[in-house]
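Residue numbers (my numbering): 42 to 165. Accompanying notes for the structure given below.
This is the structure we're talking about:
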(Lines of atoms letter the chains of each structure in order from A and count residues from 1; the text may use other names and numbers.)
(Lines give C-alpha, C1' and ligand atoms only; values in the text may rest on other atoms or scores of the structure.)
Protein backbone atom coordinates (compact mmCIF):
# COMPACT_ATOMS: atom_id res chain seq x y z
CA UNK A 1 0.00 0.00 0.00
CA UNK A 2 1.12 3.57 -0.16
CA UNK A 3 -0.18 6.72 -1.74
CA UNK A 4 3.08 7.98 -3.16
CA UNK A 5 4.68 8.95 0.13
CA UNK A 6 8.39 8.67 0.78
CA UNK A 7 8.70 6.11 3.57
CA UNK A 8 9.22 2.40 3.00
CA UNK A 9 8.49 1.58 6.63
CA UNK A 10 6.60 3.33 9.44
CA UNK A 11 6.79 1.57 12.83
CA UNK A 12 5.20 2.21 16.21
CA UNK A 13 5.83 -0.12 19.14
CA UNK A 14 3.70 0.25 22.28
CA UNK A 15 3.09 3.97 21.75
CA UNK A 16 -0.22 4.46 19.96
CA UNK A 17 -2.25 3.75 23.10
CA UNK A 18 -1.04 7.16 24.32
CA UNK A 19 -2.46 8.94 21.24
CA UNK A 20 -6.19 9.62 21.62
CA UNK A 21 -8.05 8.68 18.44
CA UNK A 22 -4.93 7.12 16.92
CA UNK A 23 -6.89 4.97 14.44
CA UNK A 24 -8.20 8.16 12.83
CA UNK A 25 -4.56 9.06 12.07
CA UNK A 26 -3.94 5.87 10.10
CA UNK A 27 -4.77 7.61 6.82
CA UNK A 28 -1.99 10.16 7.39
CA UNK A 29 0.55 7.45 8.12
CA UNK A 30 -0.55 5.21 5.25
CA UNK A 31 -0.41 8.21 2.89
CA UNK A 32 3.21 8.71 4.00
CA UNK A 33 4.18 5.28 2.68
CA UNK A 34 5.95 4.76 -0.61
CA UNK A 35 4.24 2.27 -2.94
CA UNK A 36 4.68 -1.19 -1.41
CA UNK A 37 5.59 0.33 1.98
CA UNK A 38 4.68 -1.13 5.34
CA UNK A 39 2.95 0.41 8.34
CA UNK A 40 3.65 -1.81 11.37
CA UNK A 41 2.43 -1.18 14.88
CA UNK A 42 1.90 -2.93 18.19
CA UNK A 43 -0.37 -1.88 21.03
CA UNK A 44 -0.79 -3.61 24.38
CA UNK A 45 -3.85 -5.77 24.85
CA UNK A 46 -3.49 -6.35 28.57
CA UNK A 47 -5.81 -3.70 30.00
CA UNK A 48 -8.29 -6.40 31.04
CA UNK A 49 -5.61 -8.60 32.62
CA UNK A 50 -5.95 -9.29 36.35
CA UNK A 51 -2.79 -7.27 37.09
CA UNK A 52 -4.20 -4.21 35.35
CA UNK A 53 -7.66 -4.60 36.87
CA UNK A 54 -6.00 -4.72 40.29
CA UNK A 55 -3.95 -1.60 39.51
CA UNK A 56 -7.10 0.30 38.51
CA UNK A 57 -8.83 -0.89 41.69
CA UNK A 58 -5.88 0.27 43.80
CA UNK A 59 -5.66 3.60 41.95
CA UNK A 60 -9.35 4.17 42.66
CA UNK A 61 -9.06 3.41 46.36
CA UNK A 62 -9.42 6.30 48.84
CA UNK A 63 -5.70 6.26 49.66
CA UNK A 64 -4.53 6.65 46.05
CA UNK A 65 -7.49 8.17 44.19
CA UNK A 66 -6.20 11.75 44.32
CA UNK A 67 -2.55 10.97 43.52
CA UNK A 68 -3.26 8.54 40.68
CA UNK A 69 -6.37 10.05 39.08
CA UNK A 70 -6.13 9.68 35.32
CA UNK A 71 -2.71 8.01 35.37
CA UNK A 72 -3.67 4.48 34.33
CA UNK A 73 -4.83 3.74 30.79
CA UNK A 74 -8.08 1.82 30.39
CA UNK A 75 -9.11 -0.67 27.74
CA UNK A 76 -10.57 2.16 25.62
CA UNK A 77 -6.97 3.25 24.93
CA UNK A 78 -6.73 0.54 22.26
CA UNK A 79 -9.25 -0.93 19.86
CA UNK A 80 -10.15 -4.58 19.34
CA UNK A 81 -7.93 -6.26 16.74
CA UNK A 82 -10.96 -6.54 14.44
CA UNK A 83 -11.48 -2.77 14.59
CA UNK A 84 -7.88 -2.15 13.51
CA UNK A 85 -8.43 -4.59 10.65
CA UNK A 86 -11.54 -2.67 9.58
CA UNK A 87 -9.78 0.71 9.73
CA UNK A 88 -6.81 -0.46 7.68
CA UNK A 89 -8.71 -2.44 5.05
CA UNK A 90 -10.97 0.59 4.53
CA UNK A 91 -7.79 2.47 3.58
CA UNK A 92 -6.95 -0.19 1.00
CA UNK A 93 -4.25 -1.87 3.06
CA UNK A 94 -3.43 -5.55 2.91
CA UNK A 95 -3.41 -6.50 6.58
CA UNK A 96 -1.48 -9.19 8.43
CA UNK A 97 -2.81 -8.94 11.99
CA UNK A 98 -2.61 -11.15 15.04
CA UNK A 99 -2.99 -11.03 18.79
CA UNK A 100 -0.52 -12.68 21.17
CA UNK A 101 -0.61 -13.17 24.91
CA UNK A 102 2.76 -13.57 26.57
CA UNK A 103 2.94 -15.50 29.80
CA UNK A 104 5.70 -14.41 32.19
CA UNK A 105 6.70 -17.10 34.65
CA UNK A 106 8.13 -15.43 37.73
CA UNK A 107 10.23 -17.67 39.95
CA UNK A 108 12.17 -17.34 43.15
CA UNK A 109 11.57 -15.61 46.45
CA UNK A 110 11.24 -12.14 44.91
CA UNK A 111 8.67 -13.04 42.27
CA UNK A 112 6.06 -10.73 43.81
CA UNK A 113 8.38 -7.72 43.53
CA UNK A 114 9.08 -8.09 39.82
CA UNK A 115 7.01 -7.75 36.71
CA UNK A 116 4.37 -5.13 35.92
CA UNK A 117 3.47 -4.48 39.56
CA UNK A 118 7.00 -3.36 40.40
CA UNK A 119 7.07 -0.95 37.47
CA UNK A 120 3.66 0.54 38.14
CA UNK A 121 3.91 0.84 41.92
CA UNK A 122 7.47 2.18 42.11
CA UNK A 123 7.67 5.41 44.11
CA UNK A 124 8.43 8.58 42.16
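All C-beta atoms, glycine included, are put in the ideal place defined by N, C-alpha and C. Just so you know, these numbers come straight off a predicted model, no measurement behind them.
Using beta-carbon positions only, say whether residue i and residue j come within less than 8 Å of one another.
{"i": "residue 132", "j": "residue 52", "result": "no"}
{"i": "residue 84", "j": "residue 55", "result": "yes"}
{"i": "residue 128", "j": "residue 67", "result": "yes"}
{"i": "residue 110", "j": "residue 58", "result": "no"}
If you compare alpha carbons, which of the options is closest to residue i?
{"i": "residue 140", "options": "149, 82, 110", "result": "82"}
{"i": "residue 87", "options": "80, 63, 79, 122", "result": "122"}
{"i": "residue 143", "options": "99, 117, 90, 126", "result": "90"}
{"i": "residue 115", "options": "108, 95, 107, 130", "result": "95"}
{"i": "residue 69", "options": "134, 147, 103", "result": "134"}
Just confirm the distance between the C-beta atoms of residue i and residue j, as a whole number of angstroms; I'd bet it's less than 8 Å.
{"i": "residue 74", "j": "residue 46", "result": "5 Å"}
{"i": "residue 105", "j": "residue 99", "result": "6 Å"}
{"i": "residue 126", "j": "residue 138", "result": "5 Å"}
{"i": "residue 78", "j": "residue 48", "result": "6 Å"}
Which full runs of the beta strand (DSSP E) of 3+ residues lie inside the stretch 78-105, going along the chain?
Fully enclosed beta strand (DSSP E) runs of 3 or longer: not present.
Ignoring anything shorter than 4 residues or poking outside the stretch 113-145, list the alpha helix (DSSP H) runs there in chain order.
Entirely contained in the stretch 113-145, the alpha helix (DSSP H) runs reaching 4 residues are, in chain order, 122-131.
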